[in-house]
Amino acid sequence: MHPHLHTKNALACEEIIAALEECHNRGFMHKATGGCNDVKDKVNQCLRLERGKLQAENRAAARAKRDRIKEEQKALGL
Numbered sequence: 004m005h006p007h008l009h010t011k012n013a014l015a016c017e018e019i020i021a022a023l024e025e026c027h028n029r030g031f032m033h034k035a036t037g038g039c040n041d042v043k044d045k046v047n048q049c050l051r052l053e054r055g056k057l058q059a060e061n062r063a064a065a066r067a068k069r070d071r072i073k074e075e076q077k078a079l080g081l
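By our numbering, the letter at position 7 of the sequence shown is numbered 10, and the numbering carries on one by one without gaps.
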């Protein structure tokens, strides 16, 4: 299961998402028989890469914030 596809975090995957939606519009039987599986795998792969980038950015921001707090505490003698 994938998250909501039309968000600011999924802009890099927009072309692949459009291909998946086009595939889904072909009808239920096309989806049910696995006709969209390759495209869906590509969407999942793209979203996973984007999530990894966001996690790395958040991790770096959290580390910087922790370091800043430690320095401020050290300056206060805590």
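We put the CB at the ideal spot given by N, CA and C, even for glycine. Keep in mind the model is a prediction, meaning the values are calculated, not measured.
- In the three-state DSSP reduction, H7 falls in the coil class, being neither helix nor strand.
- A13 counts as buried, since at least 16 other C-beta atoms from the protein chains shown sit within 10 angstroms of its C-beta.
- Fewer than three Cβ pairs drawn from the stretch 33 to 42 and the stretch 61 to 71 lie within less than 8 Å of each other, which leaves the two stretches out of contact.
- DSSP places G38 outside both helix and strand once states are collapsed to three, so it counts as coil.
- L23 counts as buried, since at least 16 other C-beta atoms from the protein chains shown sit within 10 angstroms of its C-beta.
- According to the DSSP assignment, L23 belongs to the alpha helix (DSSP H) that extends over 17 to 27.
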